[in-house]
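Novice: One structure, as structure tokens, below. Some questions next.
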Amino acid sequence: MNKEFFEALNLLEKEKGIPVDFMLDRITKAIVTACKNNYGNEDVVVEINADKNKFEVFLRKEVVEEVEDANRQIYIDKAKEIDKKAVLGGFVNIKLDTKQFGRVAAQTARNIIRQGIRDSERGQMFQEFQSKNQELVSGQVERIDPKTGAITLKIGKAEAVLPKSEQFGNENVKEGDFIQVFMVDVKQTERGPKAIISRTHPDLVKRLFEKEVPEIYDGTVVIKAVSREAGSRTKLAVYSQNPDVDAVGACIGSRGVRVSEIVDALGGEKIDIVEYSEDPAKFIAAALSPASVVSVEIIDAQAKTSKATVPDSQLSLAIGNKGQNARLAAKLTGWKIDIRPESGFYGEE
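In the numbering used here, the protein residues as written are 2 to 350.
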């Protein structure tokens, strides 16, 4: 019986990843609770030796002349039958047959063990999520809710839900697909650990570049700012700490191979990579890429307002479709940008 017991624990450790020592600790506590409920005595000695398949339970009772509490005390003559060395005022260990714990005791033990398993699994899940917090993770699509569009991802041994609001609008994802997400945060809830994951977060792009560009990973090239409208366009400002390394070129890669990998991972999202500058005018001009800029005038440094002048032919490109290019440039730089045509005439409304 003991051998089967320890084999079951080892199987549980193998399948669920719950350490045998953890389970033995929970089982010991369950036995103490069961003894308290059934024998009115929680003074219990549990001897467990997994190596020898040994599992024994003893109830400790005080040796007395007059028994006032039969649950906790024993007469000296009966004590000597159990242990010849028993003395008044001492204690004897009475071996229990665990089968005699009864249905209630067994149920109590089962409930505590089940709770122990749940606690351990939640603890492992929290640790797994916490180790990946603020990182790029890959998960397999397990389910897609037909009503809400939320995607349930398998990340390691844990599950996380990607809400529709954190997905690209035009993504075509199927069950079984692997997708990359950014772990925004990890929270403890009543139902257990919850991972906040996103495909729209700007740091997803940042982590993809760190993964794809060695110069970013080793710190030679630094990502100074990211602005993004997920599924459509991202602007990335980069700076090289080594004058011999071209920051923009390193991110694009030979024949655009590095940035192409990231564009593919983002479902075709356009990416503008610009060089960061401490000079606000230079940075604003670069941020309005792909439009060329004639000049940038700083209107109010404290209020961070500026005016950018562009060739008439570049005006619509600088502003972008529905103002997107100008909007992303403003987010990237942190400056308000008033875009004006070189001629001063805007043409038709």
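Built from N, CA and C at the ideal position, the CB exists for glycine as well.
Nothing here was measured: the structure is a model prediction, and the numbers come from that model.
Please report the straight-line C-alpha distance between PHE23 and LYS195, rounded to a whole angstrom.
Specialist: Along the sequence shown, read from residue 1 onward, the residue named residue 23 stands at position 22. Along the sequence shown, read from residue 1 onward, the residue named residue 195 stands at position 194. About 23 Å.
Novice: So what does DSSP say about ALA9, is it helix, strand or coil?
Specialist: Locating residue 9 in the sequence shown gives position 8, where the first residue counts as 1. ALA9 falls in the helix class under three-state DSSP.
Novice: Take every Cβ of the stretch 324-340, pair it with every Cβ of the stretch 225-235, and state whether three or more of those distances are shorter than 8 Å.
Specialist: Yes: at least three Cβ pairs fall under 8 Å.
Novice: First and last residue of the beta strand (DSSP E) that includes PHE179?
Specialist: Against the sequence shown, residue 179 aligns to sequence position 178. Start and end: 179-190.
Novice: Nearest-angstrom Cα distance between GLU349 and ARG328?
Specialist: Here residue 349 refers to the residue found at position 348 of the sequence shown. Here residue 328 refers to the residue found at position 327 of the sequence shown. Low local confidence applies: a pLDDT of 45 at GLU349 is under 50, so the model's placement there is unreliable, and no value is given.
Novice: According to DSSP, simplified to helix, strand and coil, what is GLY103?
Specialist: Indexing the sequence shown from 1 puts residue 103 at position 102. Since pLDDT at GLY103 reaches only 48, below the 50 mark, its modelled position is unreliable, and no value is offered.
Novice: For LEU205, report the span of its alpha helix (DSSP H) as first-last.
Specialist: What you label residue 205 is simply residue 204 of the sequence shown in a count that begins at 1. Here the alpha helix (DSSP H) through LEU205 covers 203-213.
Novice: If VAL64 sits next to LEU89, beta carbons under 8 Å apart, how far is it from one beta carbon to the other, in whole angstroms?
Specialist: Walking along the sequence shown from the start, residue 64 turns up at place 63. Walking along the sequence shown from the start, residue 89 turns up at place 88. Yes, VAL64 and LEU89 are in contact; Cβ-Cβ is about 6 Å, under 8 Å.
Novice: Name, in chain order, the residues that DSSP records as bridge partners for ILE253.
Specialist: One-based indexing of the sequence shown puts residue 253 at position 252. Looking at the DSSP assignment, ILE253 forms no beta bridge with any residue, so it has no partner.
Novice: Pair every Cβ in the stretch 133-152 with every Cβ in the stretch 182-194, then say whether three or more of these pairs are closer than 8 Å.
Specialist: yes
Novice: So, for GLY103: in the same chain, excluding its five sequence neighbours on each side, which residues have a beta-carbon less than 8 Å away from its beta-carbon?
Specialist: By one-based count along the sequence shown, residue 103 stands at place 102. Any reading at GLY103 is ruled out, since the residue's pLDDT is 48, under 50, leaving its predicted position unreliable.
Novice: If you draw a straight line from the C-alpha of GLY124 to the C-alpha of ILE118, how long is it?
Specialist: Against the sequence shown, residue 124 aligns to sequence position 123. Against the sequence shown, residue 118 aligns to sequence position 117. Whole-angstrom Cα-Cα distance: 10 Å.
Novice: Output the boundary residues of the alpha helix (DSSP H) element that contains ASN50.
Specialist: Taking the sequence shown and counting its residues from 1, the one referred to as residue 50 is at position 49. Premise fails: ASN50 lies in the beta strand (DSSP E), 45-50, not in any alpha helix (DSSP H).
Novice: Which runs of the alpha helix (DSSP H) at least 4 residues long sit entirely within the stretch 68-101? Give them in chain order.
Specialist: Taken in chain order, the complete alpha helix (DSSP H) segments of 4 residues or longer contained in the stretch 68-101 are 77-83.
Novice: Which value, in whole angstroms, describes the spacing of the CA atoms of SER233 and GLU191?
Specialist: To locate residue 233, count along the sequence shown from 1; it is residue 232. To locate residue 191, count along the sequence shown from 1; it is residue 190. Those two C-alpha atoms are separated by around 37 Å.
Novice: Just to confirm the assignment: which complete beta strand (DSSP E) runs, minimum length 3, are found wholly within the stretch 110-157?
Specialist: 137-145, 152-156
Novice: Compute the distance between the beta-carbons of ILE49 and LEU25, then report whether it is under 8 Å.
Specialist: Position 48 of the sequence shown, counted from the first residue, corresponds to residue 49. Position 24 of the sequence shown, counted from the first residue, corresponds to residue 25. A contact, by the Cβ cut-off of 8 Å.
Novice: Which whole-angstrom value is the C-beta distance of VAL275 and LYS236, which I expect to be below 8 Å?
Specialist: As a first step, residue 275 is located in the sequence shown; it is residue number 274 there, counting from the start. As a first step, residue 236 is located in the sequence shown; it is residue number 235 there, counting from the start. The pair is a contact, with the Cβ atoms about 7 Å apart (cut-off 8 Å).
Novice: To the nearest angstrom, how far is the alpha carbon of LYS175 from that of ARG200?
Specialist: Residue numbering aside, residue 175 sits at position 174 when the sequence shown is read from its first letter. Residue numbering aside, residue 200 sits at position 199 when the sequence shown is read from its first letter. Taking the straight line joining both Cα atoms gives about 16 Å.
Novice: Would you check if the distance between the CB atom of ILE197 and the CB atom of ASP186 is smaller than 8 Å?
Specialist: Counting from one through the sequence shown, the residue named residue 197 turns up at place 196. Counting from one through the sequence shown, the residue named residue 186 turns up at place 185. Contact flag set, yes.
Novice: Going along the chain, which residues of its own chain have a beta-carbon closer than 7 Å to the beta-carbon of VAL33, five neighbours each way excluded?
Specialist: Within the sequence shown, numbered from 1, the residue matching residue 33 stands at position 32. Excluding positions up to five away in sequence, the list reads GLU43, VAL45.
Novice: If contacts are defined as beta-carbon pairs under 8 Å, then SER278 and PHE284 qualify, I think. What distance do you get, rounded to the angstrom?
Specialist: Taking the first residue of the sequence shown as 1, we reach residue 278 at position 277. Taking the first residue of the sequence shown as 1, we reach residue 284 at position 283. Confirmed, about 4 Å.
Novice: Sorted by chain position, which residues of the same chain lie with C-beta nearer than 7 Å to ILE95's C-beta, five sequence neighbours on each side aside?
Specialist: Start at 1 with the first residue of the sequence shown, and residue 95 comes out as number 94. The answer, listed in chain order, is PHE59, LEU60, LYS62, ILE83.
Novice: Could you pull the start and end residues of the alpha helix (DSSP H) that LEU267 belongs to?
Specialist: Against the sequence shown, residue 267 aligns to sequence position 266. First-last for LEU267: undefined, no H or E at that position.
Novice: Can you tell me whether ASP22 is helix, strand or coil according to DSSP?
Specialist: Mapped onto the sequence shown, residue 22 falls at position 21. Here DSSP, grouped into helix, strand and coil, assigns ASP22 to helix.
Novice: Which term fits GLU298, buried or exposed, when burial requires 16 or more other beta carbons within 10 angstroms of its beta carbon?
Specialist: Position 297 of the sequence shown holds residue 298. GLU298 is exposed by the Cβ-count criterion.
Novice: State the start and end residues of the unbroken beta strand (DSSP E) segment that holds LYS332.
Specialist: The sequence position of residue 332 within the sequence shown is 331, counting from 1. From DSSP, LYS332 is part of no beta strand (DSSP E) but of the alpha helix (DSSP H) over 325-334.
Novice: Whose C-alpha, out of GLU211, GLY157, ASP78, GLY177, is nearest the C-alpha of ILE145?
Specialist: What you label residue 145 is simply residue 144 of the sequence shown in a count that begins at 1. Of GLU211, GLY157, ASP78, GLY177, the residue nearest in Cα terms is GLY177.
Novice: Using the C-alpha atoms, what's the distance from GLN168 back to THR153?
Specialist: As a first step, residue 153 must be located in the sequence shown, where it is residue number 152. As a first step, residue 168 must be located in the sequence shown, where it is residue number 167. Whole-angstrom Cα-Cα distance: 12 Å.
Novice: Nearest CA to the CA of SER121: which residue from GLU143, ALA159, ALA151, PHE92?
Specialist: Sequence index remark: in the sequence shown, residue 121 carries index 120 (1-based). For the residues GLU143, ALA159, ALA151, PHE92, the minimum Cα distance to SER121 belongs to ALA159.
Novice: Nearest-angstrom Cα distance between ILE300 and LEU209?
Specialist: Within the sequence shown, residue 300 is the residue found at index 299, counting from 1. Within the sequence shown, residue 209 is the residue found at index 208, counting from 1. If you take the alpha carbons of ILE300 and LEU209, they lie about 36 Å apart.
Novice: Do you know offhand how far SER241's Cα is from PRO215's?
Specialist: Counted from its first residue, the sequence shown places residue 241 at position 240. Counted from its first residue, the sequence shown places residue 215 at position 214. In a straight line, the C-alpha of SER241 is about 13 Å away from that of PRO215.
Novice: Checking the sheet assignment: what are the DSSP bridge partners for ARG341?
Specialist: Within the sequence shown, residue 341 is the residue found at index 340, counting from 1. ARG341 pairs with THR310.
Novice: Since LYS337 and SER307 should fall inside the 8 Å C-beta cutoff, what is the C-beta to C-beta distance between them, to a whole number of angstroms?
Specialist: If you number the sequence shown from 1, residue 337 lands on position 336. If you number the sequence shown from 1, residue 307 lands on position 306. Indeed, because the Cβ distance is near 7 Å, the residues count as touching under 8 Å.
Novice: Measure the alpha-carbon distance for PRO164 versus LYS15 and round it to whole angstroms.
Specialist: As a working note, residue 164 is residue 163 in the sequence shown. As a working note, residue 15 is residue 14 in the sequence shown. Approximately 33 Å between the Cα atoms of the pair.
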